Amino acid sequence: MKLLLLKVFRDLAKDKFRTILSLLAMLVGTSAFGIMLFTYFILDRELVDVFVPTQPSSANIMLDRVEDNLIQLTKNFEGIGKVEEKAAYPLRIKIGEDKWKTLYLYGIKDFKNIQSNKISSIDGSFNPGLNEVLIERDALGVAKTAINENIVFTLPDSSIKELKVVGSVNDIHVHPASMHQTVYAYVSFETLAQLGLTPNRLDITLSEHPYNREHILSTTRDYMKEIVNKGYSVSNIEVSLTPGQSPHKAEYNAVLFIIRIFSGLAFVLGCMIITSLLSTILTQQVKQIGILKAIGAKTNNIFGAYLCIILLLVAGNIAISLPLSSVLSQSFSKFLMRISNMDLPNSSIPNSLLLLFALLALFVPLVIAFIPIRKGVAMSVKDSLNSHSSDDAYIKEGPMMKWATGGRFLSRPIRLSIRNAVKRKGRFYLNIVTLTFGGALFISVVTSIISLNYTIDQSMDKLGYDYEINTKSPVDSGTLDQAVQHIPEIKNYELWGGGSVNLINADGRMSSRYHLLAPPFDTKTYTPDVMEGRWLKEGDTNEVVIGYRFFDSEPSVKMGDEINVRIGEEVHSLHIVGIVKELGGSTMFINKQGFDQLSPAIETNNHIKIMTSPELVKQDSGLSLIEEKLEQEGISTSSSESKTNFYTIVKKHSLMTMYTFLFVAIIVVIVGAIGLTSTMSIQVAERTKEIGIMKAIGSTTKQIKRIITAEAIFIALISWSITLILGIPIEYLGSIIIGNVTIKTPLTVDLFSFIFPNIIWFVILLLVGYMSSIFSSRKAARMKVKETLVFE
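Heads up, the sequence shown is in the working numbering, so the first residue is 4 and it goes up one at a time.
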């Protein structure tokens, strides 16, 4: 047995280059699979372990006021177990000399005893005193401030206040500040009172099934009805789509699930490449195996020797890939947690998962290798000794071989290259499958990235304004007309209405809350993408157009239905006349003239869509200049945003996911490229005598190199042709899946987004084909005639 093992070792060492390449393919595929497997587990665990201890509330309710009577009523309400009063105000914070951003100011009664939606201290004080404030850590850079510095902001009455920053905190219940360019600040109730503000929010947690969304909605509907009857006005209710869970958990799980499948296939393909190497060695050693059997070696002993060798190779693969995957998955998990504004306190991987990975990395290549090894050593002594496996004359003339040798319109060297590429069908198919799969994935991801950019750009183009300014109080068009006349920077504008409305169920109870926008029916600042029905028209009063994702939350509602919504204190019936496609939205659109008739002025929010000159848009201070001049005309701003900033936020949020997909696609391409390089090395070794004969009859070194290179490029081009055919359904499906994961909207795939990735992949495959043949073609060119003719 010892001599058999030495023989197999020598067989592997005979061509170190191809052996190393095959091992590298298996290592890359195994490591990619391990990284995604471990990352999925770490995030799945930590997103729960980090989020749940903050004691997330079941719902957050915004009201006109919070009093002791209301708190007592809430505590006594059936189904509500815990209630905590807080404050939340959208304000404006000054950034630099003349720039403002949105500031959310939160009031907390007792920082040492927060009952729900807890925040944690990062640096400095965690108990702000009078006129002191804490800033969310990710918002410090957005606010351009630091501990012991002051922030300047405006209150709802437009007065300017200043507070000292005494600490930083981590609040995982808000959007990442750096991504959304928003500042989150936290003050005590004493400071809140000093600012002239009062508590206006209740965080409630249900006593039973606190994170069952249907139960939460049912309970809050009854609760809202009760407190409205008591004279309180509810402005908003926040109920997460995934109560009790981080909002990032579902997104990460979806992304990592898809990536695990792709990386798992890369792992299998890498194992198949190492198996192809062993199968080739067995084919080359058929006569030697026959001789070994003739002098007494048992089939099982020979099989065991080759199995032991692959066990050693697999063990080496596990020894490298296991720690490598562990370290990289921990770093990747930390990165993903951080961009979600969370820390990663525990990046450990349980021994059971490490064992599972090791077992998969052990048994998958063994299972794949079992049949070819068994088949290779099972030949009888007679068949082995009579075998001419290295001679092309003894290769069966199949359809592919006939096709390859029958192309008389091709030059002889090209036909020879094609024949050599297809004569080993198993190896040929493996290369085609690997490169085709890698290409399909690569093209799908690149197509989605292009389509994502195109879809976002298309959506931005539908917004015909440069800035959106929300006013603190209702503004009539006459007042705005007069103010705009004195602001030459404003070239055009539109006044929209809007607010939040509650859907009323058939039983009369309030359901989910939706955003209602009221543009002019002939708006020039928004071009609707109507998917079904029509857009608003003049004279519409009770007609409404709805974003298509509204129907995900309300599956019982369909196009043409009547829906009841509460606007202010009254319930109105609205007729759905159209469905529009928008970025991840479920917004309702109603004609402004009709909205003004339905809604009392006190319930109306004004949105001013402003168009300016391109020169002003390019200036960072453009928006601040407009706001300042509107303020001088008596129109105060509650919040504002430039279209450019909104565009940046959407892209930054979505492209991060796309680059993760692209990383995995590149891994698969690398595995395919390594596999093709290994194949070319094997093919040259198998044709050693043939190359010697070609040299003997006058073939030049340049001609032999061309034949080897053409063979590799032929395999690459066949793969590209198949990918081109399969790419259409794959890219279409990928655009739907990736679009829903990133921006909650199917991507728009045009001709360019389909053709361009295929051209890129074509160029990449040509490079892969050329690069994979360099070593082998040089090796073939260096062969001496005498050595090749005596090669066995």
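For every residue, glycine included, the Cβ atom is placed at its ideal position computed from N, Cα and C.
Only a predicted model underlies this, so the values are computations on that prediction, with no experimental measurement involved.
Asked, Found
"Residue environment, Asn354, which counts as buried when at least 16 other CB atoms sit within 10 Å", "exposed"
"DSSP state of Asn473 mapped onto helix, strand, coil", "strand"
"Limits of the unbroken beta strand (DSSP E) element including Ile65", "According to the sequence provided, residue 65 is Met. The question's Ile does not apply to it. Where Met65 is concerned, the enclosing beta strand (DSSP E) stretches over 62 to 66."
"Cβ neighbour criterion (16 or more within 10 Å) applied to Met534", "exposed"
"Whole-number beta carbon distance between Ile652 and Met1, since they are thought to touch under 8 angstroms", "Only positions 4 to 795 of the chain appear in this structure, which leaves residue 1 out of reach."
"Residues near Phe54 by beta carbon distance below 7 angstroms, same chain, minus five either side", "Ile175, Gln248, Ser249"
"Nearest-angstrom Cα separation, counted from Leu26 out to Ile716", "23 angstroms"
"Backbone secondary structure at Met562 - three-state DSSP", "coil"
"Beta-carbon proximity of Ile629 to Glu497, cut-off 8 angstroms", "no"
"Three-state class that DSSP yields for Met534 in the structure shown", "strand"
"Test item: CB-CB of Thr528 and Gly581 under 8 angstroms", "no"
"Coarse secondary structure for Arg552, derived from DSSP in three states", "coil"
"Under 8 angstroms between C-beta atoms of Asp141 and Asn349", "no"
"Cut-off 8 angstroms between Cβ atoms - residues of its own chain near Leu166, not counting five sequence neighbours on either side", "Asn134, Glu135, Val136, Asn153, Ile154, Phe156, Ala188, Val190, Thr194"
"Reduced DSSP secondary structure (H/G/I, E/B, other) of Leu316", "helix"
"Spatially closest choice to Glu566 from Val771, Ser576, Trp723, Asn761, by CA coordinates", "Looking at the sequence itself, residue 566 is Ile, so the reference to Glu does not match. Checking every option, the nearest Cα to that of Ile566 belongs to Ser576."
"Proximity winner among Gly637, Val752, His251, Gly37, relative to Ser447 (alpha-carbon distances)", "Val752"
"Opening and closing residue of the alpha helix (DSSP H) in which His183 lies", "180 to 183"
"Start-end ranges of the beta strand (DSSP E) lying completely within the stretch 128 to 205, minimum 3 residues", "135 to 139, 153 to 157, 163 to 173, 186 to 191"
"Residues sharing a beta bridge with Gly581, DSSP", "Gly536, Val548"
"Where Phe260 falls, given that 16 or more other Cβ within 10 Å makes a residue buried", "exposed"
"beta-carbon Ile725 near the ligand SAH non-hydrogen atom, thresh 7 angstroms", "The ligand SAH is absent from the structure shown, which contains no ligand whatsoever."
"Sub-8 angstroms separation of Leu200 and Glu88 beta-carbons", "no"
"8 angstroms Cβ cutoff, Gly678 in contact with chain D", "This model lacks chain D altogether, as it is built from one protein chain only."
"When Met562, Ser657, Ser627, Ile74 are compared against Glu644, the one with the closest alpha-carbon", "Ser627"
"Simplified DSSP state of Ile117, which is helix, strand or coil", "coil"
"Status (buried if at least 16 other CB within 10 Å, exposed otherwise) for Pro202", "buried"
"Segment limits, alpha helix (DSSP H) that includes Ala509", "Premise fails: Ala509 is in no alpha helix (DSSP H) and is neither H nor E."
"For His610, the three-state DSSP class (helix, strand or coil)", "strand"
"Cutoff 8 angstroms; reference Leu30; Cβ partners in own chain excluding five residues on either side", "Gly273, Asn320, Ile323, Ser324"
"Rounded separation between Leu633 and Thr526 - CA only", "22 angstroms"
"Which of helix, strand or coil DSSP assigns to Tyr235", "coil"
"Extent of the continuous beta strand (DSSP E) run through Ser645", "640 to 645"
"Minimum C-alpha distance to Leu76 - residue among Tyr226, Val168, Leu108, Ile452", "Tyr226"
"Limits of the alpha helix (DSSP H) - the one that Pro617 falls within", "617 to 620"
"Integer-rounded CB distance, given that Phe335 should sit under 8 angstroms from Thr42", "5 angstroms"
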